[in-house]
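Written out as structure tokens, the structure reads:
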């Protein structure tokens, strides 16, 4: 069981009376890859900066190894940061950039019996560690280049090396892959995960890209408007989102208004569906999440619900099909093609239905209307048909 | 620890500002001195301002200074803007050496610029004298003046000469920052290049033109050495007059004119800055409203 | 269309040829001519007799530049750490004196430094002069402040300090904040951040500032006349003498001017290669 390394206790932060963080409570373990995930302005970068020492919280505590470090400046924390735009020193070459932190370090003199005197790290050790790092990031031979002579990906790796060479206990990464193109980003995601496991330290990663978070993290912390919405493993967050915001932010979701009739039975569109969730009150209003890939298209007679296709887009791996169910648009991802305007039935397995409590986010997400404005007139015609046939249950 | 540093820092900066302004403040204070000196205070009086307005020599040089500065600024701004546009449109190989030459009056020591122009004018007048004599001798319809001397004309030319580079240096970056596609877009939508120039390029570089003009005006007002060498004996700027006075006897009229100058500049700068601040506030308010 | 636009510059090119290039050529011609018109290097040889003037000008200009640097760099650095409102006001305050005439600024020091000027009056009132007399056994009525080399240096510093502050400030203010944070992150305390990141990256501004103070300082003549009393002749005085003063020798004056121009060219070259921020410095 890894031990707890960082604890954020009731952290609040406001800029000029504008609240940015709202009672954040979080603990982070040693050797963990933890991602702070959320849209712009949710407070994830602010949280990271507080941990790094670049911002002071308005109230609350930051504990490192059990010690309160609110007032400890960044240069005294055993934490290093990879900045969003790399912040490589333009007047130093790659070698000196990486060696910078090592040259700053002072440690007790081994020759001094009292251990009070502090000396610099000897040059040979600096050289050995820097060259070792260059090997890790596969940039051997680039020592004498200046940052402006490197590509984006290379600069990024130098930034990581510069941080890691100091052997920090925690590495903070502030959206480091944002400026890279897609293929390079995906390669770097795998690379970063590998480095984290190889070096064996805690990574705290900030991103707004949910796919990135799902790929790399051991734990994801979903944030919005300064509050933590959910903490969990990637599978948990994906399969069991706690509210409509998380459901919508991670992957695509259809979120439907429903009523929990009783355990393992939820009612949508006036029809009852079997599901696996329980623990709600009887007839409690709930939000129902159904992932587009969990929906099967079946002939109308076999469908649990019937709707009209309004839009079909070929995405390579699958078709994105927008279906209208009584004015509310669903997204279905499937490899089967259905023509636009067709009436189709859908069937959902019980484990494809996930029920969440209602929250402030209910009703804000989950409708794919914006995908298919041009077929509104078609909707009116088929709506009339729908009402007629809704009596058909099977 | 941080608070202490901040206080010491502020103290140091305040001391520097005191150093910069103490002499000026003293000048202003003593302009209201009833006595005749700059060192002994004899009571409050506005006499010197009255005497200033009646002093023909000083008022004439104030007039000359303002006239030269304004004229030179206007001409330099127009000429400099066109020149900057011309340079912008040139190939790099042609532009670089020309820009180096352009920077010379700015970078050169004032006295070298003044001396070189002085020699140039003298040489030119010599040649002109020969030419005019010959020309007058050839015919009797037009009589050209044979003796030209340095005066307001040469003074003006000199001021224009060192003002234009500042305008170019101010407009140039704005041109470079301008989106190249704007002009193409304008032409695509039906503008001739003259219209494109007026409707697209000019508005984009307007801030550069304004700040270039302000800089040129400052440099003209501030100048002493170049004027000294190129105004000859017939024209005199305020600086030259004061310099002449320091050789003999200085009266506190100088203080009075300094005060007036300072107040004028202060008001102008205050207005400019308040306008800028107000525009900024309006712009950010609009952004927040949307 | 771009080609057509480049024609806009033609009038100015002609102007430059007439009023920038031609005058310099004339100076060069004069520098190498004798009074009778022939080619000679005698003018440059004669400059040797004025070696004292050269060294004095250089010495004072260097001292003034160093003082401006010692005052100007800290001011720029401190200004960059303040809020935007303070910075805006500070910029206006620093540039305001530049809008007043150069001569007026220099003149203003005369009355302060005079023998019975304001500073001496202050010293008398607080008994500093009496104290000095007691300590050193002298019999002074006042401290001789004006008409000294010190006064000239003071005048130079006073006039050209803004030209040191502006380029340094404009470079420091543009430094990427995240570089400073990165340095902190890597273990550098405030002093080390300054020494290893801010200082090296602000060097281009420093070079510009040095050039913009040194060149006018080494060639000044009004300041030395007004605050130096004309007893200690400097390069500017020397040149002026050759043209409008007593010793009429435009050839010698031209030679000295040529030397001055070479100094400027060297400074310009250094600034072009390493300098930055001078554009902003001459702007508002």
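Protein chains in written order, with my numbering: chain W, 172 to 565; chain F, 658 to 947; chain X, 8 to 291. Yeah, the Cβ is synthetic: ideal placement off N, Cα and C, and Gly gets one too. Please read all numbers here as calculations on a predicted model, not as lab measurements.
Residue i to residue j, Cα distance in whole Å?
| i | j | result |
| --- | --- | --- |
| residue 549 of chain W | residue 531 of chain W | Model confidence at residue 549 of chain W stands at a pLDDT of 46, short of 50, so the residue's coordinates are unreliable and nothing is read from them. |
| residue 244 of chain X | residue 68 of chain X | 14 Å |
| residue 887 of chain F | residue 808 of chain F | 7 Å |
| residue 565 of chain W | residue 440 of chain W | Below a pLDDT of 50, predicted positions are generally treated as unreliable, and residue 565 of chain W, at 34, falls in that range; no measurement from the model is reported. |
| residue 561 of chain W | residue 384 of chain W | Because residue 561 of chain W sits at a pLDDT of 38, beneath the cut-off of 50, its placement in the model cannot be relied upon, and the point is left open. |
| residue 208 of chain W | residue 316 of chain W | 34 Å |
| residue 290 of chain W | residue 283 of chain W | 10 Å |
| residue 106 of chain X | residue 714 of chain F | 22 Å |
| residue 285 of chain X | residue 179 of chain X | Caution applies to residue 285 of chain X, whose pLDDT of 48 falls short of 50 and renders its modelled position unreliable; the model cannot decide the point. |
| residue 442 of chain W | residue 404 of chain W | 32 Å |
| residue 559 of chain W | residue 497 of chain W | In this prediction, residue 559 of chain W scores a pLDDT of 40, lower than 50, which makes its location untrustworthy; the coordinate-derived value is nonetheless stated afterwards. If you take the alpha carbons of residue 559 of chain W and residue 497 of chain W, they lie about 12 Å apart. |
| residue 761 of chain F | residue 753 of chain F | 13 Å |
| residue 333 of chain W | residue 300 of chain W | 11 Å |
| residue 476 of chain W | residue 500 of chain W | 13 Å |
| residue 447 of chain W | residue 435 of chain W | 5 Å |
| residue 182 of chain W | residue 345 of chain W | 19 Å |
| residue 83 of chain X | residue 94 of chain X | 10 Å |
| residue 198 of chain W | residue 186 of chain W | 24 Å |
| residue 586 of chain W | residue 250 of chain W | Since the first residue shown for chain W is 172 and the last is 565, residue 586 of chain W is missing from the structure and cannot be characterised. |
| residue 138 of chain X | residue 119 of chain X | 21 Å |
| residue 221 of chain X | residue 71 of chain X | 8 Å |
Determine the chain X residues that contact residue i at a beta-carbon separation under 9 Å, and present them in chain order.
| i | result |
| --- | --- |
| residue 327 of chain W | Near residue 327 of chain W there are no residues of chain X at all, since even the closest Cβ is about 14 Å away, more than 9 Å. |
| residue 315 of chain W | Chain X residues near residue 315 of chain W: none, gap ~17 Å exceeds 9 Å. |
| residue 922 of chain F | 103, 106 and 107 |
Which residues of chain F have a Cβ atom closer than 8 Å to the Cβ of residue i, listed in chain order?
| i | result |
| --- | --- |
| residue 257 of chain X | 776 |
Below 8 Å on C-beta distance, what does residue i contact in chain X?
| i | result |
| --- | --- |
| residue 251 of chain W | 192 and 193 |
| residue 795 of chain F | In chain order: nothing, as chain X lies at least about 26 Å away. |
| residue 337 of chain W | 193 and 194 |
If the cut is a Cβ gap below 7 Å, which residues of chain X does residue i touch?
| i | result |
| --- | --- |
| residue 900 of chain F | 110 and 229 |
| residue 379 of chain W | Within 7 Å Cβ-Cβ: nothing; residue 379 of chain W doesn't reach chain X, min ~19 Å. |
| residue 272 of chain W | 193 and 194 |
| residue 666 of chain F | 85 |
| residue 919 of chain F | 107 |
Give the residues of chain W in contact with residue i, contact being defined as C-beta atoms less than 7 Å apart.
| i | result |
| --- | --- |
| residue 186 of chain X | 258 and 260 |
| residue 204 of chain X | 260 |
| residue 199 of chain X | 275 |
Could you work out which residues of chain F lie near residue i, taking near to mean beta carbons separated by less than 9 Å?
| i | result |
| --- | --- |
| residue 95 of chain X | 930, 933 and 934 |
Since residue i and residue j are thought to touch, with beta carbons under 8 Å apart, how far apart are those beta carbons, to the nearest angstrom?
| i | j | result |
| --- | --- | --- |
| residue 192 of chain X | residue 252 of chain W | 5 Å |
| residue 459 of chain W | residue 426 of chain W | 7 Å |
| residue 399 of chain W | residue 195 of chain W | 6 Å |
| residue 685 of chain F | residue 916 of chain F | 5 Å |
| residue 489 of chain W | residue 505 of chain W | 6 Å |
| residue 772 of chain F | residue 252 of chain X | The pair is not a contact, with the Cβ atoms about 12 Å apart (cut-off 8 Å). |
Residues of chain W with a CB under 9 Å from the CB of residue i: which are they?
| i | result |
| --- | --- |
| residue 183 of chain X | 256, 258 and 261 |
| residue 38 of chain X | By Cβ distance, chain W contributes nothing, its closest Cβ being about 41 Å from residue 38 of chain X, past 9 Å. |
Bridge partners for residue i per DSSP, in chain order?
| i | result |
| --- | --- |
| residue 500 of chain W | W:495 |
| residue 444 of chain W | W:437 |
| residue 394 of chain W | W:399 |
| residue 478 of chain W | W:515 |
| residue 343 of chain W | W:252 and W:375 |
| residue 230 of chain W | W:183 |
| residue 3 of chain X | There is no way to answer for residue 3 of chain X, as the model of chain X reaches only from 8 to 291. |
| residue 735 of chain F | For residue 735 of chain F, which the question treats as bridged, DSSP gives no partner whatsoever. |
| residue 525 of chain W | W:460 |
For residue i, return the contacting residues in chain W, with the cut-off set at a CB-CB distance below 8 Å.
| i | result |
| --- | --- |
| residue 207 of chain X | 262 |
Using a Cβ cut-off of 7 Å, pull out every chain F residue sitting near residue i, in sequence order please.
| i | result |
| --- | --- |
| residue 81 of chain X | 669 |
Hey, is residue i's beta-carbon within less than 7 Å of any beta-carbon in chain A?
| i | result |
| --- | --- |
| residue 116 of chain X | Any reference to chain A falls outside this structure, whose protein chains are W, F and X. |
**Prompt:** If we count Cβ pairs, one from each stretch, closer than 8 Å, do we get three or more for the stretch 180-195 of chain X versus the stretch 269-276 of chain W?
**Reply:** yes
**Asked** Taking contact to mean at least 3 C-beta pairs separated by less than 8 Å, is the stretch 726-741 of chain F in contact with the stretch 925-935 of chain F?
**Response** no
**Message:** Under 8 Å: do the stretch 213-221 of chain W and the stretch 138-148 of chain X share three or more Cβ pairs, one atom per stretch?
**Reply:** no
**Request:** Tell me, please, whether the stretch 204-213 of chain X touches the stretch 226-233 of chain X by the rule of three or more beta-carbon pairs shorter than 8 Å.
**Result:** no
**Request:** State whether the stretch 504-519 of chain W contacts the stretch 466-480 of chain W, with contact taken as three or more CB pairs (one from each stretch) at a distance under 8 Å.
**Result:** yes
**Asked** Is the stretch 45-53 of chain X close to the stretch 776-788 of chain F, with three or more CB pairs under 8 Å?
**Response** no
**Request:** Check whether the stretch 152-159 of chain X touches the stretch 722-732 of chain F, taking contact to mean three or more Cβ pairs, one atom from each stretch, closer than 8 Å.
**Result:** no
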